[in-house]
Every structure is written in C-alpha cells, then in structure tokens.
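Here the protein sequences come in this chain order: A and B. Each residue of the first sequence is one higher than the one before, starting from 571 at the first, in my numbering. Each residue of the second sequence is one higher than the one before, starting from 5 at the first, in my numbering. Beneath this line is the structure, given in structure tokens, with notes to follow.
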Amino acid sequence: MTALIDWFAVPLSYPFMQRALVVSVLVGAVCAVLSCYLVLKGWSLMGDAISHAVLPGIVIAYVVGIPLAIGAFAAGLSCALLTGYLKETSRVKEDTVMGIVFSGMFGFGLVIFTKVETDQHLLHILFGNVLGVSVRDLIETAIVAGGTLAIVLLRRRDLLLYCFDPNHARAIGLPVRMLHYGLLVLLSLTIVGSLKAVGIILVIAMLVAPGATAYLLTDSFERMLVIATAVAVGSSALGTIVSFHIDAATGACIVLLQAFVFALAFLFAPKRGLVTVWLQRRADAKAAT
Amino acid sequence: MIAELAVPFEYGYMLKAMWVSALVGGVCAFLSAYLMLKGWSLMGDALAHSIVPGVAGAYILGVPFAAGAFFAGLLAAGGMAFVKARSRLREDAVIGLVFTALFALGLVMASIWPTSVSVQTIVLGNILAISDEDVVQVAIIAAVTLGVLSLKWKDLMVTFFDENHARSMGLNVDWLKILFFTLLSACTVAALQTVGACLVIAMVVTPGATAYLLTDRFGRLIVLSVAFGAGTSFAGAYISYFLDGATGGVIVTLQTLLFIAAYLFAPRHGVLAARRRRIEALGART
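Next up, the structure:
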C-alpha cells in the first residue's frame, strides 16, 4: 500500500512535477470538452491542420517580437479560414485543400525556423515540454483554458445544435456563421494553450480521443461531456506520473493512455462494445436453443 | 556566381540527395493524382504518422526500416478499417484516433531507447545524411511502385472514378484498392526519409491537386503531377544546400508555391480566368 502511495507521492514532491500535473490536467480538460463537438461535427482533422499551421506563426512572432501565442493563434486561424476560402473558389476537394494549406504552412515554418536564431527548441514546439513549464506558463495556460472552457460551457447548447444540424440551427434563428467561426476561434485558442504541455503534434490526439471514447459510451450529450472530461483528466494525471517513472516523453504517455481507454470502451462499452455484443449474442443463442 | 551555383553538384551527398528526392517526389506525385480524386488526402498524413513506431522498432531491432514501417502502415490501415466498421464513429475521428495513438507509441519507444533513432530524423526527415542502405531501400520501393503503377494506372483510374463501372468491366475492385494502399504505404515510407512524417502529406497531395487545376484529362494529369513532384523535390534539395538544411520544408514550400500559382493563373480553372470570364459575360450582356 505504501509502495502505491509512494508511486504517486514521490513524483509530486518535485515542484516541476506539480506544475506539469496541473498544466496537463487543465489542457486535457479543455481539449476533452472541445473534442465532443469536433467528433459530432466531423472536424477531427481540422485540429490536425490548425495545429501544424501554428508553426510559422510562432517563428514569425519571435522575429517580430510579439508574444508567441498571438502569432500562433493568428497562423492557426488563418489556416482554417484559408482552407474554407480555397475550397469555395477552386474545384479541389476540402480535405485536399486542408492538406495543402497546413503542410505548406508547416514546411514554410520549418524553412524560416532554420534561418532564424531562436531560443526555442523545435522539438519542444512539436512535442511540448511539460516538465519545463514555468509558473508564468502555468498562469497563461490557465487563463486560456479557463476562458475557452467558460465560453464553450455557456454556449454549449447552441454549439451542440450547430454541430448536429446546422440547418435546423439556422431555421430557429441562431447566428450560424458566428457559431462556425466561434468554434474555429476556440479550437485555435485551445491548440495555442496546449502548446507548452503536449506540443502541436500530439494535441490532435487530445482533441479526438476523449470525445470519441465518450461517444461510444453514452447517447446523452451532457453525459458525453462529463465522461470525456473525466477520461482526459484521468489520463493526463496518470500519464504525467507514469512518464516520470519510465522516463519517457510525457505528452506521448498521456496520449497512449487515452488511446488505451478508447480501446477499453471499444471492446467493453455497455451497449455497443465488441465483446459486450458478442457475449450478448451468445447468451441469446443459448436462450433460443 | 555560376561557379557558386554549381557547388551542390560537386558533392556526392548532395547529388544523392537530389536524385533520391526527385525519385520519391515523382512516385508520390503519381499516387497523389489518385488520392485527391477520392478524398483520401488525409489518409496519406495518417499513414505517415502511423509508421513511426514501425521505423523506431525496426531501428531498435536492427531490421530494415522499410519492413518495420510497412508492417506498421498495414496495421494502421487495418486498424482504421476495423474500428470504422465496428463502431458508430465517423471516419475522420477514427483516422485521428489511430494515427495519433501509433505516433505516440513511436515517440515513447524513441524516448525510452534514444540512441537507436532520433525523433528529429523521423519528424523532419534527413535526406542530406541518408545512408547507402537506405538509398537502396528507397530506390527499390520507388522502382517497384512506378512499375506497378505504369502497368495498372488505367485499372486504378476506373476503380477510383466509378467503382460499379469497374466491377461491371470485370476488374477486381477490392484487390486493386488493397494494391493501391500497399503502394501508398510503401511510398510513405520512402517519403518519410526525404521530408519527414509531418510533410509526407504534401508530397502525396499537392502535386496532384496542382495538376488537377491545369487539366481535365487524367493521363495528362498524371504526367504533370509527376513532373511537378520530381521537379520541386529536385529543386528543393538543391536549394536546401544554400539554406543549410530543412530540405523537406523547402520542397514542400516550393510545391505549395506552385499550387498557388496554378490556383491563380490556371488557364481554365484559375481564379483570374474565372474573373475574366465573369467580366466578359457582363460586357456581353450590356
């Protein structure tokens, strides 16, 4: 028993681990709430695109001398808007346009990154550096996460209706365009807020897995929000501590845990789990004979 | 001045990097013609991330990287198809889920055994320092893919345009699709070496989309696409000599610039041509 307590307590006796834990739990929670909407809307890969596109924004912001978060946010949002614009004005399909825009921005970001002397580590931007977050980073993340969370939860019904059935939303007089761009802005903000903790590549996982897991477990959206948040917070906390013990990349550990929870839900979900359905069918067959 | 521009051609490693890039760029561009038709563009991105644990595992075990990557790629494609068929999740969520999980697995492996493979190489590629064994693997992959594609390109085209029609012609549609995904996985592995996991998507999407804006005939689309892919890759590797690195970034930036040019100036499908037609139509009416 004491071994178990120590397993949790020892990492948390280090201040950097405490900060890491708080940041990853915060980021996990915000991403989880957004992931529920993205899964419904079919925008899972939009998070992928925006997060890659953030790179040139960070480098340019560094060169110009404005806060990196602002550059990142502007770049992420312009990727989303540019994708929409190019899709409207050319005959290329949306997914192709998305791929072109974000890979182009990422590639351009890499080129200018090699030409600019920065104190930023590329690998930290890509994979996060949660063990090195400062108190200031923590406060910044908390502000972004708290703000996003508050807005989403306040407008959760409007956003839900928009994701589920945009035409119906328009018919009952909701500002559909505003909700569309609002969701994109919130998504970009979340990605920027998660940069420090998980980096731009793994944030995609946090924006998909919790919502997908919860979607397998329940039909009620309110419950889906709660389950997704619980899954994400649990995986973030456990993943941070596991990464301390096995000395592995923290962001990757969190993502792997989330994927593991998804696998469990996929197999054992009460109504639709693979194993559950199989057992049910066997029981039915037995009852029939 | 001219002597300076010729400098990259004097180094063996630069020559190697340029022709390997051109080869990989050409083959990936061939595949891109099909991918963007079908709306499977992000499959290329997903595969590129998914093969990372295979590459890491192959380096750790000391087997050829192509074997590990290929195995992981097939695992990913199979996993996606399985989860998609057995759950009510949308395709995009399934793709996002599977590839990020595999990618994270690769990162954990690389961080536990850091000496075997560098994360930076996987993510950003490292064509300038490619080893001779890797060149051989890439060349074999590219040659086989090109050979199969040039034999089967018409069958694949029919399959991708209209599956039912292809079936009525007596083509084995499922087999052709599996063949295509096998080729795609193999080329993703080759492209990973050149531009890295994050930029593979550009290699298997952008040249095809650029060509698509310029022509309506599929045969010509393939020729244009391959020319763009090979040309930008060769030029990108060449330019990266003067920038001290970021070969993948330069190649992809060139491809994107070419796409923008086509988007603006394409004779029939470009934005400017559309505007000119609109103005002419207005003029004709008054």
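Where a beta carbon is used, it is the ideal one built from N, C-alpha and C, also for glycine.
Taking each of B:L93, B:S244, B:A241, B:K181 in turn and checking the Cα distance to A:D789, the smallest one comes out for B:L93. For the segment 80-92 of chain B, the beta-carbon criterion of a distance under 8 Å to any beta-carbon of chain A is satisfied by V87, R90, S91, R92. When the beta-carbon positions are compared, A:V686 and A:V633 come within less than 8 Å of each other. The shortest CA-to-CA distance from B:A81 to any of B:I64, B:A70, B:A52, B:A71 is the one to B:A52. One Cα belongs to B:M18, the other to B:I55, and the distance between them is close to 27 Å.
Secondary structure remark: continuous alpha helix (DSSP H) runs of at least 4 residues inside the segment 141-219 of chain B, in chain order: 167-172, 177-199, 204-207, 210-218. Contact note: A:K663 reaches chain B through M40, G43, S45, using a C-beta cutoff of 8 Å and chain order. Chain-ordered, the chain B residues with CB closer than 7 Å to the CB of A:T659 read V275.
Between A:H691 and chain B, the shortest Cβ-Cβ separation is not below 8 Å. Between the beta-carbon of B:G253 and that of A:V681 there is about 4 Å, and that keeps the pair under the 8 Å contact cut.
B:T104 counts as buried, since at least 16 other C-beta atoms from the protein chains shown sit within 10 angstroms of its C-beta. Annotation for A:E687: no alpha helix (DSSP H) segment contains it, and DSSP assigns it neither H nor E. Under the DSSP assignment, A:F838 falls in the alpha helix (DSSP H) whose first and last residues are 820-838. It is roughly 45 Å from the alpha-carbon of B:M161 to the alpha-carbon of B:A7. Annotation for A:Y655: the continuous alpha helix (DSSP H) segment containing it runs 638-659. Apart from the 5 residues on each side of it in sequence, B:I226 sits with its Cβ closer than 7 Å to the Cβ of F34, A37, W157 in its chain, given in chain order. The residue among A:A644, A:E664, A:F643, A:A645 with its C-alpha nearest the C-alpha of A:T653 is A:E664. Three or more Cβ pairs drawn from the segment 764-782 of chain A and the segment 689-700 of chain A lie within less than 8 Å of each other, which places the two stretches in contact.
Straight-line spacing of the CA atoms in B:L41 and A:A645 works out to 28 Å.
Not a single C-beta of chain A is nearer than 8 Å to the C-beta of B:D166. Inter-residue distance for B:T192 and B:M207 is about 9 Å (C-alpha atoms, whole angstroms). In this structure the segment 781-801 of chain A does not lie against the segment 59-69 of chain B, because fewer than three pairs of beta carbons, one per stretch, are closer than 8 Å. With the rule of 3 Cβ pairs closer than 8 Å, the segment 123-131 of chain B counts as touching the segment 194-210 of chain B. Residue contact with chain A for B:S115: present (Cβ-Cβ distance below 8 Å to some residue of chain A).
Against chain B, a Cβ distance below 8 Å from A:T684 picks out L247, D248, G249, A250, G253. A:Q690 counts as exposed, since fewer than 16 other beta carbons sit within 10 angstroms of its beta carbon. In the DSSP assignment, B:Y267 falls within the unbroken alpha helix (DSSP H) covering 251-269.
In the DSSP annotation of this structure, the continuous segment of the alpha helix (DSSP H) that includes B:E284 starts and ends at 275-289. Within the segment 218-229 of chain B, no residue places its CB atom closer than 7 Å to a CB of chain A. The residues V746, in chain order, have a CB closer than 7 Å to that of A:P736 in the same chain once the five nearest residues on each side in sequence are set aside. Rounded to whole angstroms, A:L701 and A:T810 show a C-alpha spacing of 9 Å.
Taking a 10 Å sphere around the C-beta of B:G43, we find fewer than 16 other C-beta atoms and assign the residue as exposed. Beyond the five residues adjoining it in sequence on each side, A:P840 comes within less than 7 Å, by CB distance, of T846 in the same chain, given in chain order. In this structure, DSSP gives A:R842 a state outside helix and strand, which the three-state scheme calls coil.
Annotation: the segment 774-804 of chain A contains the following complete segments of the alpha helix (DSSP H) (minimum length 4 residues), in chain order: 779-787.
Residue-level contact check: B:I99 touches chain A, since one or more beta carbons of chain A fall below 8 Å from its beta carbon.
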